[in-house]
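A.B. asks: Numbering (the UniProt record's numbering), first residue to last: 1 to 409. Beta carbons are placed, not taken as given, at the ideal position from N, Cα and C, and that holds for glycine.
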């Protein structure tokens with residue numbers, strides 16, 4: 001029985017259908033004390049929802065927040081200016097009677113869901129079904145696995161890297177990634193959300209022709225336990241393939257100063273950096289038929305980040321799969337060779353590697369602290385080698401770097 005349930009959890013369609021059934025509603029009611037309908041607020045007002053279980057376990061907070069965000073906006077709407085500034089707020093309160101878990105449920109939590117209709121529209125554009133997202137990250141899915149397998153198989157923290165100290169989580173099935181961001185990054189996104197939405201959705205989306213290398217944010221939430229205790233969470237689709245394993249990961253900015261990953265930090269899922277890439281390989285090669293379009297897309301995205309978002313310090317994330325006998329996606333329906341795999345991987349010129357790429361961490365503005373960082377680092381390194389610079393200089397260096405890195409033959 002246990003093996004059957006474990007295998008069922010990995011079948012997307014069966015799990016999605018299962019979570020929409022009456023039995024899931026009953027389990028939710030028993031464990032949390034509320035009905036499914038209470039998780040579907042239709043108006044943007046504060047609502048009080050009883051919380052449960054482990055006060056210190058962030059996973060449950062995230063799961064409930066995501067469930068509320070997804071279920072509250074099932075009906076699509078025609079976007080107006082209002083939707084780009086809309087917020088929904090939910091108050092999660094400790095129950096009067098402890099139902100389960102430790103006796104420290106004495107705090108209230110506030111969840112703020114930013115521009116829910118806009119992010120729903122972004123998810124729809126990129127082919128992400130609401131049911132699939134909820135099955136991956138919602139609290140009902142978490143409860144189902146906990147009840148039937150006895151395991152608290154929730155988000156998988158993959159640690160933090162970079163100067164921001166952001167923490168990354170994968171959903172239990174690896175389909176989605178959650179990232180903590182600083183308040184000023186969240187405000188940067190919200191301040192330019194309309195322009196951001198228009199840019200990433202302007203071209204028809206296909207995995208083999210995404211129209212943008214910018215890895216889209218598909219949700220933005222805030223969890224608050226007090227006036228100055230806020231946790232901002234961005235939701236993203238996992239850039240990397242699930243069907244083909246990733247053998248190498250690089251986080252590339254086009255700078256040199258400090259751009260290496262220490263040996264003691266090198267573990268699965270932690271990217272290497274520019275100096276490591278230069279030492280390992282220096283370039284990657286894609287077919288001539290794709291080369292021009294590849295660079296054109298990078299140029300358009302980098303110009304948008306420079307001129308509209310007015311940000312810098314973003315990265316080009318590169319995941320490399322080394323082709324082997326069980327590699328999927330190299331052939332089309334007529335057994336023809338594909339240069340871009342169905343899941344969005346770029347096949348190398350010699351067909352020995354597949355590259356999964358995207359632009360990430362693009363919400364950093366060139367403020368006073370960044371200007372001071374340039375000044376201090378300028379005493380020990382050249383301006384060209386320092387990662388931080390003004391948006392225009394960063395944009396130009398980024399473009400020139402990838403003209404060299406992404407080559408053809």
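Counting only the same chain and skipping the five closest in sequence on each side, list residues whose C-beta sits under 6 angstroms from that of residue 395.
C.D. replies: Only 302, 306 meet the Cβ criterion.
A.B. asks: I believe residue 358 touches residue 213 by the beta-carbon criterion, under 8 angstroms. Please report the beta-carbon distance rounded to the nearest angstrom.
C.D. replies: Indeed, because the Cβ distance is near 6 angstroms, the residues count as touching under 8 angstroms.
A.B. asks: Once DSSP output is grouped into helix, strand and coil, what is the label at residue 88?
C.D. replies: It is a strand residue.
A.B. asks: Does the distance from the C-beta atom of residue 190 to that of residue 90 stay below 8 angstroms?
C.D. replies: Contact flag unset, no.
A.B. asks: Going by C-alpha distance, which of 260, 81, 281 is nearest residue 193?
C.D. replies: Nearest option by C-alpha distance: 81.
A.B. asks: Between which two residues does the alpha helix (DSSP H) containing residue 395 stretch?
C.D. replies: Run containing residue 395: 391-405, per the alpha helix (DSSP H) assignment.
A.B. asks: Roughly how many whole angstroms lie between the Cα atoms of residue 199 and residue 216?
C.D. replies: Straight-line Cα distance between these residues: approximately 10 angstroms.
A.B. asks: Would you kindly report the start and end of the unbroken beta strand (DSSP E) that includes residue 113?
C.D. replies: Taken as a continuous stretch (DSSP letters only), the beta strand (DSSP E) holding residue 113 covers 109-114.
A.B. asks: Can you list the beta strand (DSSP E) stretches of 3 or more residues lying completely in the stretch 290-353, in chain order?
C.D. replies: 315-322, all fully within the stretch 290-353.
A.B. asks: Exposed or buried, what is residue 364 when buried is set at 16 or more other beta-carbons lying within 10 Å of its beta-carbon?
C.D. replies: So residue 364 ends up on the buried side.
A.B. asks: So what does DSSP say about residue 267, is it helix, strand or coil?
C.D. replies: DSSP places residue 267 in coil when its eight states are reduced to three.
A.B. asks: What does a CB cutoff of less than 6 angstroms around residue 433 pick up in its chain, not counting 5 residues either side in sequence?
C.D. replies: Beyond the ends of the chain as shown, which are 1 and 409, falls residue 433; an answer cannot be given.
A.B. asks: Could you name the residues that DSSP lists as bridge partners for residue 279?
C.D. replies: In the DSSP output, where bridge partners are listed per residue, residue 279 has none listed.
A.B. asks: Within 10 angstroms of its Cβ, does residue 116 collect 16 or more other Cβ (buried), or is it exposed?
C.D. replies: Flag for residue 116 reads buried.
A.B. asks: Using 8 angstroms for Cβ pairs, my map puts residue 188 next to residue 311. What's the rounded Cβ distance?
C.D. replies: At roughly 7 angstroms, the Cβ-Cβ gap stays under 8 angstroms, so residue 188 and residue 311 are in contact.
A.B. asks: Have a look at the DSSP bridge pairing and note the partners of residue 209.
C.D. replies: In DSSP, residue 209 forms a bridge with 206.
A.B. asks: Let me make sure I understand the geometry here. Which of 321, 203, 404, 283 has the alpha-carbon closest to that of residue 297?
C.D. replies: Considering only alpha carbons, the answer is 203.
A.B. asks: Measuring only the C-alpha atoms, how far is residue 293 from residue 206?
C.D. replies: Cα to Cα, the separation comes out at about 15 angstroms.
A.B. asks: Would you list the one or two residues that DSSP bridges to residue 253?
C.D. replies: According to DSSP, which records beta bridges pairwise, residue 253 is partnered with nothing at all.
A.B. asks: Thinking C-beta only, is residue 398 closer than 8 angstroms to residue 254?
C.D. replies: A contact, by the Cβ cut-off of 8 angstroms.
A.B. asks: How is the alpha helix (DSSP H) around residue 134 delimited, first residue to last?
C.D. replies: Run containing residue 134: 130-137, per the alpha helix (DSSP H) assignment.
A.B. asks: Residue 357 bridges to which residues according to DSSP?
C.D. replies: The partner list for residue 357 (beta bridge, DSSP) reads 318.
A.B. asks: Spatial neighbours of residue 121 within its chain, please: CB distance less than 8 angstroms, with the 5 preceding and 5 following residues excluded, ordered by chain position.
C.D. replies: Same-chain partners within the cutoff: 76, 79, 197, 201.
A.B. asks: Under 8 angstroms: do the stretch 341-354 and the stretch 315-332 share three or more Cβ pairs, one atom per stretch?
C.D. replies: Touching, yes, given that three or more Cβ pairs across the two stretches are closer than 8 angstroms.
A.B. asks: Along the alpha helix (DSSP H) that carries residue 189, what are the first and last residues, could you check?
C.D. replies: From DSSP, the alpha helix (DSSP H) with residue 189 extends over 183-191.
A.B. asks: Considering only their Cβ atoms, is the gap separating residue 273 from residue 260 smaller than 8 angstroms?
C.D. replies: Against a cut-off of 8 angstroms, the Cβ pair of residue 273 and residue 260 comes out as a contact.
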